[in-house]
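Going line by line, the protein sequences match chains A, B, C and D. For the first sequence, the tail end lands on 449 under our numbering, and the numbers increase by one without skipping. For the second sequence, the tail end lands on 449 under our numbering, and the numbers increase by one without skipping. For the third sequence, the tail end lands on 449 under our numbering, and the numbers increase by one without skipping. For the fourth sequence, the tail end lands on 449 under our numbering, and the numbers increase by one without skipping. Step one of this worksheet: look at the structure below.
4 protein chains.
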Amino acid sequence: MSLRLVESLGTTEPLSEIFSDSALLTAMLQFEVALARAESRVGVIPAAAADAIARAAVPGAFDASGIACEARKTGTIVIPFVDALIARVGAVDPAASTFVHWGATSQDVSDTALALSLARALPILQSDHEQLTTALRRLSNQHADTIMLGRTLLQPAPPITFGLKAAGWFAAVSRTGAQMIAAGHGACVLQFGGASGTLAALGPHGPAVAAELARELDLKDPGAPWHAHRDRLASLVTACGVYCATLAKIARDVTLLMQHEVAEVAEPGGGSSTMPHKQNPVACGIALAAATRVPGLVAAFLAAMPHEHERGVGAWAAEAPTLVAVVQATGAALASVRDAVGSLRVDADRMRANLAATGGVVFAERAMMLLAPALGREAARCIIADALATARRDGQPFAAALAANAEAAAALTPIELSSMDSPEAYLGAADELRRRLLDELRNPGTSE
Amino acid sequence: MSLRLVESLGTTEPLSEIFSDSALLTAMLQFEVALARAESRVGVIPAAAADAIARAAVPGAFDASGIACEARKTGTIVIPFVDALIARVGAVDPAASTFVHWGATSQDVSDTALALSLARALPILQSDHEQLTTALRRLSNQHADTIMLGRTLLQPAPPITFGLKAAGWFAAVSRTGAQMIAAGHGACVLQFGGASGTLAALGPHGPAVAAELARELDLKDPGAPWHAHRDRLASLVTACGVYCATLAKIARDVTLLMQHEVAEVAEPGGGSSTMPHKQNPVACGIALAAATRVPGLVAAFLAAMPHEHERGVGAWAAEAPTLVAVVQATGAALASVRDAVGSLRVDADRMRANLAATGGVVFAERAMMLLAPALGREAARCIIADALATARRDGQPFAAALAANAEAAAALTPIELSSMDSPEAYLGAADELRRRLLDELRNPGTSE
Amino acid sequence: MSLRLVESLGTTEPLSEIFSDSALLTAMLQFEVALARAESRVGVIPAAAADAIARAAVPGAFDASGIACEARKTGTIVIPFVDALIARVGAVDPAASTFVHWGATSQDVSDTALALSLARALPILQSDHEQLTTALRRLSNQHADTIMLGRTLLQPAPPITFGLKAAGWFAAVSRTGAQMIAAGHGACVLQFGGASGTLAALGPHGPAVAAELARELDLKDPGAPWHAHRDRLASLVTACGVYCATLAKIARDVTLLMQHEVAEVAEPGGGSSTMPHKQNPVACGIALAAATRVPGLVAAFLAAMPHEHERGVGAWAAEAPTLVAVVQATGAALASVRDAVGSLRVDADRMRANLAATGGVVFAERAMMLLAPALGREAARCIIADALATARRDGQPFAAALAANAEAAAALTPIELSSMDSPEAYLGAADELRRRLLDELRNPGTSE
Amino acid sequence: MSLRLVESLGTTEPLSEIFSDSALLTAMLQFEVALARAESRVGVIPAAAADAIARAAVPGAFDASGIACEARKTGTIVIPFVDALIARVGAVDPAASTFVHWGATSQDVSDTALALSLARALPILQSDHEQLTTALRRLSNQHADTIMLGRTLLQPAPPITFGLKAAGWFAAVSRTGAQMIAAGHGACVLQFGGASGTLAALGPHGPAVAAELARELDLKDPGAPWHAHRDRLASLVTACGVYCATLAKIARDVTLLMQHEVAEVAEPGGGSSTMPHKQNPVACGIALAAATRVPGLVAAFLAAMPHEHERGVGAWAAEAPTLVAVVQATGAALASVRDAVGSLRVDADRMRANLAATGGVVFAERAMMLLAPALGREAARCIIADALATARRDGQPFAAALAANAEAAAALTPIELSSMDSPEAYLGAADELRRRLLDELRNPGTSE
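Here is the structure:
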């Protein structure tokens with residue numbers, strides 16, 4: 002297995018496998034085999050050479066750690082990898098070894114191997130994303146009428162519904178997930194340019210080989226190499242950054258709502274090594290950890306972008322560990338938030354109770370909207386401030402304190418007075434907004 | 002004027018004006034006036050109040066610095082701003098002052114004012130971007146046949162054309178500029194949600210007021226408030242990050258090509274405070290400075306995204322200076338690269354000379370491609386290594402050293418031998434790739 | 002006043018003044034005047050020239066915005082600034098104008114002006130820091146016996162004292178503040194190297210002029226110029242990063258403890274533009290905003306460090322806005338946390354009540370420590386799990402549920418049974434650790 | 002072996018081993034064994050239990066991947082690790098298993114294991130650092146008189162010596178290396194606080210156990226736990242950031258000087274997978290890659306610092322992969338720069354030739370310093386500008402063009418005229434500054 006202790010919370014098992022040594026070796030071999038086949042088909046190298054290369058390309062026959070060590074002398078894992086492949090092919094068919102890596106450069110191998118890895122990771126992300134949005138939509142619909150405190154700056158505000166909160170999560174996740182997946186597809190492209198990006202080593206056959214190679218690898222042919230222009234990868238990295246932060250917003254809300262003193266929702270969570278009573282928000286913690294790491298990783302990727310000339314020195318080597326960490330962390334956050342949302346327990350009674358425990362002071366805005374037109378802003382402000390002070394001092398409901406003020410009582414209708422602290426009467430457009438958020442088209446570009 | 006010393010290289014005059022105190026005050030007043038008009042039209046507040054608010058909303062009457070100081074006590078500039086507006090309206094029409102900021106919350110004002118500012122900044126970015134892509138396309142076409150060294154890891158590589166290099170710049174700038182502008186439009190949306198995002202203070206009229214308000218401000222109505230979901234802004238910020246780094250890649254190449262020892266291109270540049278001979282790459286320096294700052298700013302914005310509940314504490318206040326710095330830095334980089342590219346001097350002779358000065362060693366790959374099929378990889382490798390060593394030791398051209406090897410000479414045709422170090426004979430698909438890059442559709446999403 | 006709307010929460014009034022246009026102009030003029038004086042004293046330029054330069058150096062006579070605009074053409078504000086100074090001196094004493102900026106380069110001016118600004122900012126930071134540590138120490142002592150819930154992963158844990166929590170804040174603030182101030186002093190050094198850093202323009206007099214210049218400006222003479230080595234500034238920037246995050250940890254704790262549902266502490270806070278009942282954690286919000294921005298700014302500064310050769314292109318211009326933002330944000334966080342801590346209201350009763358509201362489940366670890374040696378780990382685990390489940394199901398105290406288990410009751414002494422959920426009996430070394438933290442030496446390097 | 006393909010350029014073999022699964026398991030076991038021994042010595046647990054735990058603690062008996070997978074359910078690798086240890090001890094001595102991990106919490110294990118790993122990594126860093134500074138000092142002394150172009154903004158400037166450049170590298174590396182090592186020692190401290198940081202589970206014995214435990218592990222006892230205050234680790238991470246950027250400055254200079262068109266220095270470098278002639282700056286590329294990644298990682302670490310209450314949710318899990326990546330990347334950069342500097346080839350002739358190829362325009366500043374006092378700044382400026390233009394137009398040396406101007410010739414002494422473009426005559430204090438930089442005390446705090 003490929004999961005390591007130090008990164009165990011920053012990935013998932015399937016994603017750690019995709020970027021493992023054996024998977025990377027496999028992807029690099031795929032490139033070399035497909036290149037040989039494409040070149041043989043176009044007539045650049047003998048068919049027998051392509052066959053021999055394909056036969057020799059057995060991942061298990063390569064020593065990943067040895068290649069990794071050697072890479073520090075050559076500046077890339079591709080040089081020792083190609084040397085090893087040449088040696089293996091040469092052992093099988095000496096003539097064929099001449100045509101290994103024919104006309105390609107190291108970056109063609111490593112960039113395309115990365116694209117192949119991303120092409121394997123994307124369906125995982127996409128599937129988890131769909132499960133999450135489905136769960137969020139369901140959660141929102143289930144709790145369309147579940148009233149809870151709004152909270153701004155971590156202080157009580159007028160009520161919302163939990164359905165509206167979940168719909169906000171849904172819409173943001175939908176928008177940013179769609180962008181991440183689109184950027185992911187945009188990054189799954191062949192890189193094939195040869196030494197300087199002109200495919201000169203293939204004479205007139207470069208573009209034809211490129212087209213065949215892309216087809217063979219089931220990657221898009223971008224029409225031209227992009228060795229020194231890293232924006233496709235950067236767009237994926239940044240889209241992961243935005244998506245991951247959106248997931249973390251859900252995790253942040255859940256961890257706050259799961260505090261013992263709030264206790265409005267709970268994810269299943271996990272325990273402690275010493276405290277038997279503990280139920281910790283483990284899944285949300287994983288998402289928050291990911292979102293803590295990813296912004297800096299995004300910065301690192303962007304900082305690496307201005308490559309020098311036709312291939313940068315240093316910048317290129319900074320990309321792979323960064324991109325791989327971003328994709329894995331995003332996938333870890335996604336899987337965790339999906340799990341947390343999918344099994345979220347919601348305590349509607351506690352939501353009600355927490356709202357009630359404010360003594361209705363969150364309806365002071367409502368009082369303002371009702372009194373100000375009649376009494377003027379300043380008079381209304383004073384009356385409400387008095388009522389708030391009274392309510393706080395005496396532990397009395399705000400509505401009662403307000404009703405005790407003759408001026409206020411005179412300015413309000415009996416219904417207004419009696420419903421002053423009724424949450425149902427002060428939800429505004431909550432449900433209309435909720436439904437609009439759920440109806441948001443998947444493609445954010447066209448939804449507005 | 003609004004440009005400050007400490008930020009002078011991180012913005013442009015027009016952009017610094019857009020985010021100046023007076024412009025921000027104007028945008029906040031626009032929101033309040035438009036809100037009053039929209040509410041009056043929907044019947045929520047009296048028409049006379051809307052008129053009075055509009056009359057009082059004179060930017061020059063507000064004390065920006067005073068508001069800024071007060072903001073440290075309230076946590077937002079909007080509270081002292083609204084207080085000042087209430088006072089001004091009250092002085093004109095006491096009854097009207099009641100309806101200032103009616104049903105809105107501070108974040109509605111500041112987010113929408115930011116959107117209004119972005120809507121003013123976008124056409125500037127778009128226009129500069131179009132000038133840049135036009136200049137890059139022209140540069141590429143002019144130099145379709147201008148041969149130069151490819152350079153990888155800052156070392157000589159087989160030749161390319163300057164036209165291909167410029168086409169690579171063009172394609173990357175086109176892709177990332179389109180994404181930035183799309184993200185910019187996506188961020189120019191109304192924010193209007195009231196205290197908790199339900200528009201409760203407007204009773205049943207919230208959505209209608211929102212629609213009117215968006216129309217009044219010429220902003221899109223996103224259908225629902227987004228106070229706690231910052232992905233639209235984040236998408237702009239990250240798209241700026243990718244675009245700015247793409248601009249910096251051009252600037253990096255130009256500064257390297259402009260070194261005295263290379264001298265292949267030059268931007269007009271500027272001088273020194275003490276060295277009369279100096280011609281410094283000033284415009285490119287501005288772009289590189291921007292691209293050095295922006296990745297960290299992007300990280301800061303992403304880190305701020307997971308707001309708590311319906312309005313975060315702290316996160317929100319971290320956004321505005323970050324976003325404003327990113328947009329200005331990107332605009333500064335763009336204007337500078339446009340200037341540099343638009344007035345770039347290209348020395349095709351020097352390009353030739355620098356290529357020639359390698360003694361043709363960059364064609365060793367070509368020799369390999371020609372000799373290996375005939376002699377086998379290992380034999381070819383040895384012959385070429387010998388020829389390279391001889392050439393270096395004796396200061397001889399590589400082609401001559403190679404031709405002196407009998408085995409090599411026998412394996413090559415006379416034309417191959419005589420053209421071994423002819424750059425024209427080893428450009429591969431350079432011009433086809435160049436034309437493909439120039440034809441790249443503007444929308445990268447659909448081009449692949 | 003120099004405070005601007007967009008940055009109003011990211012600085013303080015005194016710090017915004019220090020980095021204002023007029024203050025920067027003043028600092029640059031200080032450099033030029035001191036340089037002339039030093040050179041005149043060493044005999045490099047005529048005394049009359051130094052006098053004329055000093056007379057002309059009136060900050061108000063310079064057009065900051067004009068200089069800022071011009072900077073985009075020259076790549077630095079220093080060139081138009083020096084041109085303006087030459088013109089002014091020339092108007093007073095044409096001969097003296099020759100000796101303006103004699104032997105210096107632009108970077109000498111801007112780096113040293115930055116050092117002068119930092120030397121003005123440091124005492125403010127130091128004073129605020131001392132006020133904060135004093136307040137924290139007092140807070141810790143006042144609440145040495147104030148018992149509250151420990152909270153880990155936002156879930157209840159065994160009790161601590163508020164005094165211990167405050168002592169933890171104190172020690173971390175003390176350690177990191179001392180490092181910031183030391184790094185600040187380390188950055189307040191003269192930069193003076195001339196064009197290439199050899200002081201060649203001053204012939205044999207360079208070092209003597211440098212020493213005089215440092216004395217004149219009351220800055221340390223580092224012995225050699227550091228134009229291309231930015232580690233002194235970087236050490237300040239990173240120390241601010243660590244300090245600011247440490248301040249934010251306090252702010253985060255306070256905002257969480259100030260939630261309505263927790264209500265254990267409160268900072269004075271501020272209101273809302275629409276919700277009359279609101280008391281928002283404004284000061285803590287400012288600190289959290291700063292700590293959200295600063296890590297990315299730190300990354301930007303570090304990314305700018307590898308300058309090319311004797312003066313980088315781009316990197317240098319990226320530093321000033323970044324450093325200035327970091328110092329101001331750190332100062333803003335510091336002033337805010339000092340205010341919040343200094344006026345913190347602590348509700349010891351509510352702390353008790355919140356602890357009691359857990360039903361004593363946080364003492365399950367204690368039960369484990371008492372039962373496991375007698376019954377074995379696994380048997381103890383089962384008994385405690387049963388008691389926790391019973392307590393949760395029946396709303397019973399954990400201690401009672403545990404006492405109802407015969408095996409547990411038999412294994413525990415009467416005192417252990419009766420004090421099972423007594424917080425006083427399970428504070429461990431809380432007060433010893435608290436006193437150790439308060440005694441921590443100021444210099445963290447020597448305290449360990 | 003522990004080195005992986007995706008991280009192969011971001012670490013070294015010894016460092017990758019230190020943070021490998023088996024090494025982390027070993028460190029965690031070390032903690033548990035030392036804890037048992039300490040507790041047995043203090044009388045908290047039976048000596049027999051400590052012995053049994055020590056016997057069971059065989060790293061090879063634990064399934065790292067299984068623990069890593071399990072960690073996603075528990076939020077930390079420590080819980081499944083402790084479970085596995087309990088099981089192993091239980092198999093050997095059931096009674097002893099009760100006392101595994103006695104009174105400790107997960108964070109105690111993982112933080113202390115990290116400190117133990119850092120304590121193993123530090124001597125490697127320190128040794129490599131000393132080799133580097135030794136090599137830099139030697140390089141500077143060898144080239145005290147090797148004259149080369151100064152270069153600012155990548156354009157020619159007055160001459161320096163290579164010895165001065167190397168001394169600048171030396172001083173910056175010395176300053177920042179000393180800080181990194183000091184911060185590293187500051188981070189090698191025991192973490193031991195138990196569930197809430199009070200050591201309550203150990204009753205009165207907590208501090209005594211902590212002291213024994215620290216002694217047993219050869220770590221400093223910081224006097225109090227620091228579970229929620231991460232500044233010691235942050236100081237190491239940021240010091241690595243500053244150090245790594247300082248190393249990258251050397252690498253940047255070397256890669257630029259190694260360009261074929263400059264060719265003043267060369268590191269041994271490595272080849273290409275397709276270009277036989279290539280000698281790429283591999284070691285410098287590794288350092289630049291590290292310095293590209295590290296700033297963002299530093300930002301991530303700082304962003305994680307404000308933990309909630311007594312143990313954060315998410316923040317804690319974000320630290321380990323970040324810190325481990327920073328330390329390894331820094332170590333990789335260090336080893337590479339040491340190799341590059343240690344085997345640097347310096348071509349003093351080429352340095353001379355490149356300087357000469359400027360035609361002496363870099364001495365225009367010198368001309369200014371000599372002419373301005375005699376002729377006035379403006380007259381001197383015109384004459385020099387004319388001479389520069391003439392020199393450039395006619396390919397003439399600047400000194401000759403200047404001498405051809407009668408006014409200039411009259412104002413200068415014959416020696417000044419004849420030595421105008423003599424680099425030796427315009428080195429200023431280069432060697433004095435060089436010697437000062439080499440004498441810089443190791444501890445930067447005391448050197449100023």
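Glycine included, C-beta positions come from ideal geometry on N, C-alpha and C.
CB contact below 8 Å: residue i versus chain C
| i | result |
| --- | --- |
| V283 (chain B) | yes |
| E262 (chain A) | yes |
| G446 (chain D) | Any answer about G446 (chain D) is weak, because its pLDDT of 38 lies below 50 and its placement is not dependable; what the coordinates show is given next. Answer yes: the Cβ-Cβ gap between G446 (chain D) and chain C drops below 8 Å somewhere. |
For residue i: DSSP bridge partner residues
| i | result |
| --- | --- |
| A117 (chain A) | First, the amino acid is wrong: residue 117 (chain A) is Leu here, not Ala. The partner list for L117 (chain A) (beta bridge, DSSP) is empty, contrary to what the question assumes. |
| Q156 (chain B) | B:T153 |
| V263 (chain D) | None; V263 (chain D) has no bridge partner. |
| T331 (chain A) | Bridge partners of T331 (chain A): none, in fact. |
| I161 (chain A) | A:M149 |
| N281 (chain B) | B:G271 |
Counted within 10 angstroms of its Cβ, other Cβ atoms place residue i as buried (16 or more) or exposed
| i | result |
| --- | --- |
| A416 (chain B) | Reading the sequence as shown, one finds Ile at residue 416 (chain B) and not Ala. Exposed, by the Cβ-count rule. |
| G315 (chain B) | buried |
| P160 (chain D) | buried |
Residue-level contact to chain D via CB, residue i, 8 Å cutoff
| i | result |
| --- | --- |
| N355 (chain B) | yes |
| R231 (chain A) | no |
| L25 (chain A) | yes |
CB contact below 8 Å: residue i versus chain B
| i | result |
| --- | --- |
| V243 (chain A) | yes |
Test: residue i CB closer than 8 Å to a CB of chain A
| i | result |
| --- | --- |
| T256 (chain D) | yes |
What residues in the region 269-301 of chain A have a beta carbon less than 8 Å from any beta carbon of chain B? Going along the region 269-301 of chain A in chain order, one finds L289, A292, T293, V295, P296, G297, V299, A300 and A301 with a Cβ nearer than 8 Å to chain B.
Would you list, in chain order, the members of the region 80-110 of chain D that have their beta-carbon closer than 7 Å to a beta-carbon of chain A? I80, V83, H102, A105, T106 and S107
Entirely enclosed alpha helix (DSSP H) segments - the region 83-109 of chain A, minimum 4 residues: 95-98
At which residue ranges does the region 404-435 of chain A contain complete beta strand (DSSP E) runs of 3 or more residues, listed in the order of the chain? You should have found no qualifying run.
Which residues, in chain order, does the region 151-175 of chain B contribute to contact with chain D at a C-beta distance below 9 Å? Here the close residues are R152, T153, L154, L155, Q156, P157, A158 and P159.
Where in the region 285-353 of chain B do unbroken runs of the alpha helix (DSSP H), each at least 4 residues long, occur, reported from the N-terminal end onward? 316-343
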